[in-house]
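Undergrad: Sequential numbering of the sequence shown, starting at 49, is according to this note's numbering.
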Amino acid sequence: MSILEKQLIIDSPIEILFSVLTTSNEIVKYFPLKEVISDWNVGAEVLYKGEVEDVPFTDYGKIIELSAPHTYAYQYWSDNHGTERSEENLVTIRYELQEIADRTQLTLIQENLPTAELYDLMNDKVWDFLLNELKQFAEKKGLQSA
49 MSILEKQLII DSPIEILFSV LTTSNEIVKY FPLKEVISDW NVGAEVLYKG EVEDVPFTDY
109 GKIIELSAPH TYAYQYWSDN HGTERSEENL VTIRYELQEI ADRTQLTLIQ ENLPTAELYD
169 LMNDKVWDFL LNELKQFAEK KGLQSA
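As structure tokens, this is what we get:
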């Protein structure tokens, strides 16, 4: 499957944006998740737990890069993707942050989605919604810290 890439400018300092992407109790404030569990180190597990249409799911991830304040990447398998839990079914999500004056350019890259249908759903609906929620939260947090 092809690589999904989204990019947007967020009116927030890079350090604040990186922090809200990598702090468990912050993530659940802007992404529709119930719980995020990790000790936030490279090689550590990261679990994203939530519900889609009243069906619980868990994304079982492993942090593969954590370079403050520029990069956060992890690979994961989700029990709601309809695939077996195996190496070839791991999906990678990478957040790249670049400081532009007092704003931050966020690039999201998602690789290895298992089906064209899931790619289209993530590209056309899910990431636009999620990144908008992240943007609103980080910008509000940036204003509060100014």
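For every residue, glycine included, the Cβ atom is placed at its ideal position computed from N, Cα and C. Just so it is clear, the structure is predicted and the values come from calculations on it, not from any experiment.
Using 8 Å as the cut-off, can you tell me whether the stretch 99 to 108 makes contact with the stretch 125 to 138, which would need three or more C-beta pairs spanning the two stretches below that distance?
TA: Yes: the two stretches touch, three or more of their Cβ pairs being nearer than 8 Å.
Undergrad: In its own chain, which residues sit with a C-beta less than 7 Å from the C-beta of F79, not counting the 5 before and 5 after it?
TA: For F79, where only same-chain residues beyond five positions count, the Cβ hits under 7 Å are L178, E181.
Undergrad: Tell me whether K77 is buried or exposed, calling it buried when 16 or more other Cβ atoms sit within 10 Å of its Cβ.
TA: By the neighbour-count rule (16 or more Cβ atoms within 10 Å), K77 is not buried but exposed.
Undergrad: Can you tell me which of I75, T163, K188, A92 puts its alpha carbon nearest to the alpha carbon of D129?
TA: The sequence as given places His at residue 129; Asp does not occur at that position. The shortest Cα separation from H129 among I75, T163, K188, A92 belongs to T163.
Undergrad: Where does L161 sit, in a helix, a strand or coil, going by DSSP?
TA: DSSP places L161 in coil when its eight states are reduced to three.
Undergrad: Considering only residues of the stretch 62 to 97, which uninterrupted beta strand (DSSP E) runs meet the minimum length of 3 residues and lie entirely inside it, listed in chain order?
TA: Entirely contained in the stretch 62 to 97, the beta strand (DSSP E) runs reaching 3 residues are, in chain order, 81 to 86.
Undergrad: Could you check which residue in V139, K173, R133, T70 has the C-alpha nearest to that of D87?
TA: Nearest option by C-alpha distance: T70.
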